[in-house]
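>
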Amino acid sequence: MLLVGSGSNGGDALHAGAKLARRGAQVTAILLQPDRAHPGGLAALRRARGRVQECGTRKPAIKRADVVIDGILGIGGKGDLRGAAAKAAAVAADRLTVAVDLPSGVDADTGQVGDTHIRADATVTFGALKPGLVSGAGAQQAGEVRLVDIGLAKTLPETTIHVLEEGDVAGLLPQPTAADDKYTRGVAGIIAGSAAIPRCWSAVHRIGAVRRLRNGALSRPGQDEVRARYPDVVAHPDARPHEVQVQSWAVGLRSGDRRRPRWRCSRTR
């Protein structure tokens with residue numbers, strides 16, 4: 001299912017739909033502004049035997065769609081979606097959604113979103129990353145972002161937006177050698193009761209050394225249980241965060257425990 005607005009963004013959605021139709025998919029395009037639909041994209045979809053439906057003429061087929069392609073607004077779109085676009089976005093919220101360039105209703109420059117917008121599971125963007133895809137609330141609405149080269153590198157200035165991914169971070173981490181010990185590999189701190197230790201431990205078990213501060217009152221049996229299960233953890237039951245040298249913190253509460261840690265970790269040494 002294609003949600004097609006005016007201009008090139010809607011044209012991209014129509015061309016994507018045409019390719020899917022040629023591969024055997026049943027594709028229906030809902031034209032939100034029929035008189036302003038991209039002529040070339042519309043012709044390509046019809047040649048591929050895709051269906052075209054003007055918004056409001058019949059019962060929207062979007063409710064039966066397996067995948068929705070959002071081509072309502074492009075990078076020039078501002079503010080909330082309105083009218084037919086807002087209704088389409090509400091139905092699309094329950095479907096797997098792929099956005100063209102950026103989710104409709106997300107500001108391309110700031111990532112700001114209004115009350116009515118598209119929440120995408122994936123966004124295929126072109127030329128360069130848009131700031132709104134990686135900052136502000138827009139980063140949570142874009143889903144998985146794929147940057148696709150469409151030959152604009154020669155005409156666009158060099159991009160200054162870079163997003164660290166898992167492979168980038170892994171390349172920055174030093175590899176331990178035989179000369180390293182558990183402290184030179186890094187020290188993590190845990191602030192948690194004994195019931196939350198397993199979850200915190202899964203997040204920091206690759207760190208060289210782990211220091212633990214208690215969260216609130218912890219009985220002596222609870223302390224002994226932690227020491228017995230995790231003998232390599234250095235316990236500091238009476239210390240405060242600023243008194244312990246660590247590079248990162250993991251904070252955990254028991255399931256259903258609404259108490260907050262007694263300390264605020266403002267900085268580490």
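With our numbering applied, the sequence shown corresponds to residues 1 to 269, in that order.
For each residue, glycine too, the CB sits at the ideal point set by N, CA and C.
Alpha carbon to alpha carbon, what distance is there between Ala92 and Gly11?
Going from the Cα of Gly11 to the Cα of Ala92 covers about 19 angstroms.
> Rounding to the nearest angstrom, what Cα-Cα distance links Gln53 and Asp66 in this structure?
Approximately 17 angstroms between the Cα atoms of the pair.
> Would you say Ala99 and Val124 are within 9 angstroms of each other, going by their C-beta atoms?
Contact: yes.
> Assuming contact is defined by CB atoms lying nearer than 9 angstroms, are Arg146 and Ala122 in contact in what I supplied?
Result yes, Cβ atoms of Arg146 and Ala122 sit closer than 9 angstroms.
> Between the alpha carbons of Val233 and Leu152, how many angstroms are there, rounded?
If you take the alpha carbons of Val233 and Leu152, they lie about 53 angstroms apart.
> Pick helix, strand or coil for Ala86, following the three-state DSSP scheme.
Ala86: helix per DSSP, three-state reduction.
> Are the CB atoms of Gly111 and Gly77 nearer to each other than 9 angstroms?
Taking 9 angstroms as the Cβ cut-off, Gly111 and Gly77 do not qualify as a contacting pair.
> Might you give, ordered along the chain, the residues of its own chain that have their beta carbon closer than 7 angstroms to the beta carbon of Pro103, omitting 5 neighbours on each side?
These residues qualify, in order along the chain: Asp70, His117, Ile118, Arg119, Ala120, Thr123, Gln141, Ala142.
> Roughly how many whole angstroms lie between the Cα atoms of Pro279 and Ile62?
With the chain running from 1 to 269 in the structure shown, residue 279 is simply not present.
> Look at the Cβ atom of Ile161, then the Cβ atom of Phe126, and state whether they are nearer than 9 angstroms.
Result no, Cβ atoms of Ile161 and Phe126 do not sit closer than 9 angstroms.
> Could you give the DSSP three-state label for Ser135: helix, strand or coil?
Of the three classes helix, strand and coil, the one that applies to Ser135 here is coil, per DSSP.
> Note down, in chain order, each residue of its chain lying with its Cβ closer than 6 angstroms to the Cβ of Ala13, except the 5 sequence neighbours on either side.
Cβ within range, chain order: Leu2, Val4, Ile69, Gly71, Val100.
> Whole angstroms is fine: what's the gap from Leu31's alpha carbon to Ala108's?
If you take the alpha carbons of Leu31 and Ala108, they lie about 23 angstroms apart.
> In whole angstroms, give me the CA-to-CA distance for Asp94 and Asp168.
If I take the Cα positions, the gap works out to 33 angstroms.
> Run through DSSP, which three-state label would Asp70 get?
Looking at Asp70 - three-state DSSP - the assignment turns out to be strand.
> Could you give the distance in angstroms between the alpha-carbon of Gly43 and the alpha-carbon of Cys55?
Note that residue 43 corresponds to Ala in the displayed sequence, not to Gly. Taking the straight line from one Cα to the other gives about 18 angstroms.
> What residues in its chain sit with their C-beta under 8 angstroms from that of Ala217, if we drop five residues either side in the sequence?
Confidence is the limiting factor: at Ala217 the pLDDT is only 39, short of 50, which leaves the residue's position unreliable, though a coordinate-based value still follows. Cβ neighbours of Ala217 beyond the five flanking positions: none.
> Which same chain residues end up closer than 8 angstroms to Asp80 when comparing Cβ atoms and leaving out the 5 residues on each side of it in sequence?
These residues qualify, in order along the chain: Ala86, Gly105, Gly114, Asp115, Thr116, His117.
> Since Asn9 and Leu96 are thought to touch, with beta carbons under 8 angstroms apart, how far apart are those beta carbons, to the nearest angstrom?
Not confirmed; about 19 angstroms, so no contact.
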